[in-house]
Structure formats: C-alpha cells, structure tokens
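Protein chains in written order, with this note's numbering: chain A, 1 to 183; chain B, 1001 to 1116.
Below is one structure, written out as structure tokens; comments come after it.
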Amino acid sequence: MSTTATATTTTTTPTIANPTNRRRAVITIVSDTEVRITREFDAPARLVFAASTRPEHMARWYGCSEMKMFACEIDLRPGGAYHWALRSADGSEHHFRGVYKTVQAPTHMVYTEAYLLGDTWTNDAVNDVTMEERDGKTLLTVRLIYASKADRDGHLGSGMENGMHETHARLDGLLAELARAEA
Amino acid sequence: MARTATTTDVFAAVAEPRRREILELLAPGEQPVNEVARLLHLTQPQASKHLRVLKEVGLVHVREAGQQRFYSVNGRALEPIHAWSSRFEAYWNDRFDRLDDLLEELKSRKEEGDPP
C-alpha cells in the first residue's frame, strides 16, 4: 500500500541562490521492499545528473551535516563500480559500494548499493534514479529497492542497533506522519 | 510460552505491513474491529490478532462500549519511531538542500561559459 510520508511544499516561487524556503523531499513507502524519495530542483536535468555522478560534485552534497564524504570513486558506465565513504566527527567511517547497471545521461541511472556493516557487506539494494526535466526544473526520483522484505527489515534493525545510522535508516515515514497527526 | 519479539517491541510491531495499515486507518479516529477488518479486507480474527499485538506494545488504545471495542492510535507510543524516521527525513532534506546550493553554483558557472 502506498502512503505518502511528507507533503511537498507547493511553493512555486522561483528559487535563487541559498533560498530560505527550501523544498521538501517526499518519502513514500511503495511496498515491503521499496521506498521512494522524490524532490524537485530548480536546475536542468543535466546539472542534477552531473551533480549525482561526478566525484568532485558528489563530495559537496552527498554527506550530511554530521558526516563528510571523504572518498568518492565512480566508474560511470554499465558494469562500472563505485565506492563512496563518509566519515563522522567521531572518526567512524561509513562505506558504500556498488555497480552501475544503467547509465543514461542525463535522465536515468540504476546502481546497486551495499553498506559495510562491521566487516561484512549488506545484501545489494538497487537504487533506480530518474531525473525528469520540465520547464527548467527537474524532478529527482530515487527508488530504493530491496531484494526482500527481510533485507528492508534487516536495515531497519541494524539502524536501531547502531544508533540509527542515518545513512541506512530505511524507514517508514508514514509513522512520522501518524505521530505528527497525534501529537 | 515465551513472548515473541513482535509483542515486546514497538519497532518490531510496526515492521508488519498490515499493522502499519491498521495504524494508518486508525490515525483519523477510532474504529471498531469489524470496520478495521472490512476496510483492510482481513478476517475478523486476523484483525483482532494484529490489534492485540498493537495493544500489547501500547500503540493502540481500546475503548469498550457495550458489545463493541473501539481502537484508536496512541501517538505517544509512536514517538520513538517518529524520532527515528524524522532523522531519515532530515538527512535527505539536509542533503538535498546542499545539492540545491551546488546546482545554483553550477548554473552560474554555465552562465559564465564554464561548463560543469
């Protein structure tokens, strides 16, 4: 059953550099094995694609406020591998790796993603990313597809055991919405 | 008989998709078990079983009125999950905000004739 976790802001005011009214990502639980994240950007698809595939660009945004990307190797072609790594303030490292399955600049890419948990890699999830451009804006859709419900639940469990690793918290945004409704 | 993890842990209780559907259904207001079963195409025993699990972990309240039992969501019990999922949302929003900034920079570079 499909449920939307977060309403998008409907603001259509053109954004300028460092806009104060930020757009919001929409997180949808599509099924037991799929989570979808969508977000609109005020830029053409080729720039969103470049920002998502060039290491010098990825390093600028793919971390988070608590974790910086310190390694980013990308072999952008079908069958090409990547390795991304983030480091948090306490020095702990978070490694991701996978292989590109589809590379269709600037509208579509598919790649596998595994996360290093302790000394073993998690099962591959498939990330299916599309960039749809309209009127100079681009709708980015990231589909996180797990091999099984157990994988998703495993991610859920590991996130809890490890202090809810933000990078791997595969969640039910629905529940956030419920909690807000009840708050 | 030992209690299963499902009945002791809020996170495990909501890992079951049917139970999430029930919580969603109950979010706007209380419902009797037969309505939960009807709206979600469950048998009444199935609905009762899921509701019992949700009740055991404190995710739903029960109000008895005559022959019927009305179930409603207990928002406070959802707080740990809310905190967790909020972090997921915050993570992606934070990340995309920085992508916004980068894209603005790339757009202006393009205008300067310096392709990204």
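All C-beta atoms, glycine included, are put in the ideal place defined by N, C-alpha and C.
| query | result |
| --- | --- |
| Span separating the alpha-carbon of Ala-114/A from that of Thr-122/A | 5 Å |
| For Gly-98/A: DSSP bridge partner residues | Tyr-82/A |
| Any C-beta of chain B under 9 Å from that of Phe-41/A | yes |
| Euclidean distance between Cα positions of Thr-141/A and Tyr-1091/B | 16 Å |
| DSSP state of Val-1014/B mapped onto helix, strand, coil | helix |
| Alpha carbon of Ala-1012/B to alpha carbon of Gln-1044/B, nearest angstrom | 22 Å |
| DSSP state of Ala-1047/B mapped onto helix, strand, coil | helix |
| Leu-1023/B, buried or exposed, once every other Cβ within 10 Å from all chains shown has been counted against 16 | buried |
| For Leu-1042/B, the three-state DSSP class (helix, strand or coil) | coil |
| Bridge partners - Cys-72/A, DSSP secondary structure assignment | Trp-84/A |
| Extent of the continuous beta strand (DSSP E) to which Thr-130/A belongs | 125-134 |
| Sub-9 Å separation of Lys-101/A and Leu-86/A beta-carbons | no |
| Alpha carbon of Ala-125/A to alpha carbon of Ile-145/A, nearest angstrom | 6 Å |
| CA-to-CA distance, Lys-1055/B to Tyr-62/A, given in whole angstroms | 40 Å |
| Where the beta strand (DSSP E) through Val-110/A begins and ends | 108-117 |
| Exposure of Phe-41/A, with buried meaning 16 or more beta-carbon neighbours within 10 Å | buried |
| Test: Glu-177/A CB closer than 9 Å to a CB of chain B | Summary for Glu-177/A: the model assigns pLDDT 47, below 50, so the residue's position carries little reliability, and this model does not support an answer. |
| Under 7 Å by beta carbon: chain A residues contacting Arg-1098/B | Arg-60 and Trp-61 |
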